[in-house]
Each structure stands twice: as C-alpha cells, then as structure tokens.
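Peer 1: Before we start, here is the structure in question, set down as structure tokens.
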Amino acid sequence: MVSKLRIQIMSGELKKGTILSENQLSAEFGTSRSPIREALRTLSNEGLIDLQRMGAVVIGLTTRDLNELYDVRLLLEHFVLERLSEVNHDSLIKKLEQSIDQMKMAAKYDDYVEFAYQDLRFHELVIIEADHKRILKLWESIREIILAALLITTEKRFRDDKAAVLPLIKQHHEMIKALKSQNTERIQDEVKRHFEDTRITASLLNEA
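Position in the sequence shown counted from 1, then plus 12, gives you the working numbering.
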C-alpha cells in the first residue's frame with residue numbers, strides 16, 4: 013500500500029495539492045484505518061505529503077528534492093567505495109557481477125521491475141559491505157524513495173529508449189573495474205561519472 017502510494021505521488025499520478033483522506037484510502041485499499049495511518053506517517057517522514065487536519069496533502073518531489081537525494085547517494089557511495097578500496101573484496105565483486113548478470117537478463121526479457129531491483133541491489137551490496145552502522149542507517153532512510161524513483165524511470169526507459177539500458181549496465185561494470193583496481197582516484201572518478209548520469213536519468217521522473 014505505502015509503496016503504491018509512493019509511486020503514485022512520485023510519478024505525478026497523484027498531483028501536488030491532492031488531499032488524501034484516511035476514509036478514502038481505507039475504502040480504496042480495503043483495509044482498516046490503522047495501516048493507512050501508518051502509511052501516511054511514513055510518506056510524511058519521507059517529505060512526500062503534509063499531514064493536516066483536513067487530511068494528507070500531497071507535496072511530491074521537486075527537482076531540488078531529487079538533486080538533494082542524489083547528493084546524499086553520491087556522498088554515501090563515494091565514502092563507502094573509498095573505504096572498500098583499502099582491501100580486496102572478492103566476495104563482494106562476485107555478488108556485484110551476479111547482479112549485473114541479472115540486469116542483463118532482465119533487459120533481455122523486458123522486465124523493468126527486476127532490472128530496477130537489481131540496480132538497487134548493486135548499490136546496496138556496496139553499502140552493506142562497508143560494515144558501517146550509521147551509513148547503513150542513512151541509506152535505509154532513503155532506500156524506498158530511491159527504489160520508487162528507479163522503478164518509475166526504468167519503466168520509462170524500457171518503454172521509450174531501450175537502447176539506453178546497455179550503457180547503464182556498462183557503467184556498473186566500470187564501477188567494478190574501479191573497485192578491483194583499488195585505485196582511490198579511479199574509484200572517485202567512476203562514482204562521480206555514474207551519478208552525473210544518474211541525475212540525468214532522474215529528470216525522467218518529471219516526464220513519466
């Protein structure tokens with residue numbers, strides 16, 4: 013329920029200023045008001061809605077909001093990959109390569125949902141490997157918004173520009189090569205390059 017509402021808001025299906033009432037959502041999802049209330053609190057904490065007496069008012073995400081989210085991701089992964097560059101992480105690299113293989117398979121069969129999940133998994137594996145509790149907590153605070161953004165933009169990319177998927181896969185390969193090199197400067201350059209492209213991809217949210 014909360015995932016569906018999140019995607020409806022971020023895709024623009026639920027427009028900015030739309031009022032969501034607990035009774036309306038309870039009837040729509042066929043559930044009691046208690047889980048509805050919890051879902052609305054989650055969306056409020058994520059900055060997607062504003063809880064008011066009349067109901068929850070949709071705020072959505074502005075371009076600035078998206079840019080700030082990707083600033084946080086860049087800082088997180090820049091720190092994490094630099095930390096991981098200090099020693100070999102063969103088991104991690106194997107998992108990352110498996111994730112890329114799944115992305116290729118998803119692209120082959122036009123499965124944008126699996127592709128988006130594997131994209132998220134790739135980055136999440138790196139963050140988990142760093143074994144840093146505070147960093148992981150910060151990642152978890154933005155994870156669901158990032159996943160929703162990936163699902164929306166990946167669906168649009170598969171629908172409108174399937175050829176753009178292959179360069180995205182290649183970018184992930186380059187990140188693995190950089191990690192294997194244990195060269196901090198190369199890793200930093202690759203992370204920046206990847207997130208510059210990711211910001212461009214995020215602009216698809218406004219067109220979805």
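Backbone N, C-alpha and C fix where the C-beta goes; we use that ideal spot for every residue, glycine too.
Nearest CA to the CA of PHE127: which residue from ILE105, LYS145 and ILE164?
Peer 2: ILE164
Peer 1: Which residue wins for smallest C-alpha separation from MET117, given the options LEU26, LEU178, GLU25 and VAL92?
Peer 2: LEU178
Peer 1: Inspect the CB distances between the segment 158 to 176 and the segment 20 to 35 and report whether three or more fall short of 8 angstroms.
Peer 2: yes
Peer 1: Comparing alpha-carbon positions, which option in SER44, VAL14 and LEU63 lies nearest LEU31?
Peer 2: Reading off the sequence shown, one finds Ile at residue 31, where the question assumed Leu. Cα-wise, what sits closest to ILE31 is LEU63.
Peer 1: Using the Cβ count rule (16 or more neighbours within 10 Å means buried), how would you classify GLN130?
Peer 2: When all chains shown are included, GLN130 counts as buried.
Peer 1: Hey, how far is the Cα of ILE181 from the Cα of GLY67?
Peer 2: For ILE181 and GLY67, the distance between alpha carbons rounds to 42 angstroms.
Peer 1: Distance, Cα to Cα, ARG146 vs TYR82?
Peer 2: 18 angstroms
Peer 1: Return the first residue and the last residue of the beta strand (DSSP E) that ALA68 is part of.
Peer 2: 67 to 70
Peer 1: Whose C-alpha, out of GLN183, VAL203 and MET13, is nearest the C-alpha of ARG53?
Peer 2: MET13
Peer 1: Quick one: what does DSSP say GLN64 is sitting in, helix, strand or coil?
Peer 2: The answer is strand: DSSP assigns GLN64 an E or B state.
Peer 1: Quick test of your reading: PHE170 and ASP113, contact by CB under 8 angstroms. State the CB separation rounded to the nearest angstrom.
Peer 2: Going by Cβ atoms, the distance from PHE170 to ASP113 rounds to 18 angstroms, so no, they are not a contact pair.
Peer 1: Per DSSP, what are the beta-bridge partners of LEU32 in this structure?
Peer 2: ALA68
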